[in-house]
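A.B. asks:
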Amino acid sequence: MMKIEKEQFGKFIREKRKERGYSSTYKLAEDLHVDQSTVYRIETGERLPSFELFFDLATKLQVPPSELVMQMHLPALVKMVSPDQDHPSAGSEQSQREVEGNLLVTLPSSLTTEDLEVIEAIAKVLSDRRVREKKLAIKEQLEQEAMNENFFEDLERAAANQRQKEITSNER
5 MMKIEKEQFG KFIREKRKER GYSSTYKLAE DLHVDQSTVY RIETGERLPS FELFFDLATK
65 LQVPPSELVM QMHLPALVKM VSPDQDHPSA GSEQSQREVE GNLLVTLPSS LTTEDLEVIE
125 AIAKVLSDRR VREKKLAIKE QLEQEAMNEN FFEDLERAAA NQRQKEITSN ER
């Protein structure tokens, strides 16, 4: 089993808290209905959140729970991918993507066939979800562009009609 990296997780929570506009642990703790010391202890790596608090944190910080889990294990995963190196810029987004992309290839041989099937199924679900999200984004963009074209065409027609009415009324 992989080691949970409480300090890495805490650092990630602190960064996300600040990104979401929580300047201190006090306001986040208030929104989560917990003591400020609870949030502080999570951010400093002294403790992990309870199951319920884990999902509340994900919601308040607008982070998918899967990303929070990944942050708990990221240093261990980086070492699995490149065991000869100490965290090759583990904090960077690019290295995280590289790690995520190489995971299925570099998983330890101690995993059972069932474990690998579960991991493969999870990867497929995530991949399918990203494909759907991209398709939806493209569809929305195309619809928006079509609406913009229709809007300008309608605007031009209305302006032409208005000019025609003015010409007609001036001729009378």
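Residue numbering for the sequence shown follows this note's numbering, beginning at 5 and increasing consecutively.
Glycine residues also receive a C-beta, built at the ideal position from the N, C-alpha and C atoms.
Whose C-alpha, out of Glu11, Phe58, Gln66, is nearest the C-alpha of Gly25?
C.D. replies: Reading the sequence shown from its first residue, position 21 is the one you call residue 25. Checked all of Glu11, Phe58, Gln66; the closest Cα to Gly25 is Gln66.
A.B. asks: Would you call the CB atoms of Thr29 and Tyr44 closer than 9 Å?
C.D. replies: On the sequence shown, position 25 is the one that residue 29 refers to. On the sequence shown, position 40 is the one that residue 44 refers to. Yes, they are a contact pair.
A.B. asks: Please state whether the Cβ-Cβ distance between Val38 and Leu57 is less than 9 Å.
C.D. replies: In the sequence shown, the residue the question calls residue 38 occupies position 34. In the sequence shown, the residue the question calls residue 57 occupies position 53. Their beta carbons are under 9 Å apart, which means Val38 touches Leu57 by this criterion.
A.B. asks: Once you ignore the five residues that flank Thr42 on each side, which residues in its own chain have a CB closer than 7 Å to its CB?
C.D. replies: Here residue 42 is taken as the residue at index 38 of the sequence shown, counted from 1. Once the five neighbours on either side are set aside, the close Cβ partners of Thr42 are Ala33.
A.B. asks: Measure the Cβ-Cβ separation of Leu36 and Leu61 and say whether it is below 9 Å.
C.D. replies: One-based indexing of the sequence shown puts residue 36 at position 32. One-based indexing of the sequence shown puts residue 61 at position 57. Yes, these two residues count as a Cβ contact at 9 Å.
A.B. asks: By DSSP, does Tyr26 sit in helix, in strand, or in coil?
C.D. replies: On the sequence shown, position 22 is the one that residue 26 refers to. Looking at Tyr26 - three-state DSSP - the assignment turns out to be coil, as it is neither helix nor strand.
A.B. asks: Could you tell me the alpha carbon to alpha carbon distance between Gly49 and Lys15, rounded to whole angstroms?
C.D. replies: In the sequence shown, the residue the question calls residue 49 occupies position 45. In the sequence shown, the residue the question calls residue 15 occupies position 11. So the two alpha carbons sit approximately 8 Å from each other.
A.B. asks: Determine the extent of the alpha helix (DSSP H) in which Val43 is found, giving its start and end residues.
C.D. replies: One-based indexing of the sequence shown puts residue 43 at position 39. Residues 40-47.
A.B. asks: Report all residues from its chain with a CB closer than 8 Å to the CB of Ala163; omit the five preceding and five following residues, and keep chain order.
C.D. replies: Residue mapping note: residue 163 aligns to position 159 of the sequence shown, counting from 1. Nothing meets the Cβ criterion.
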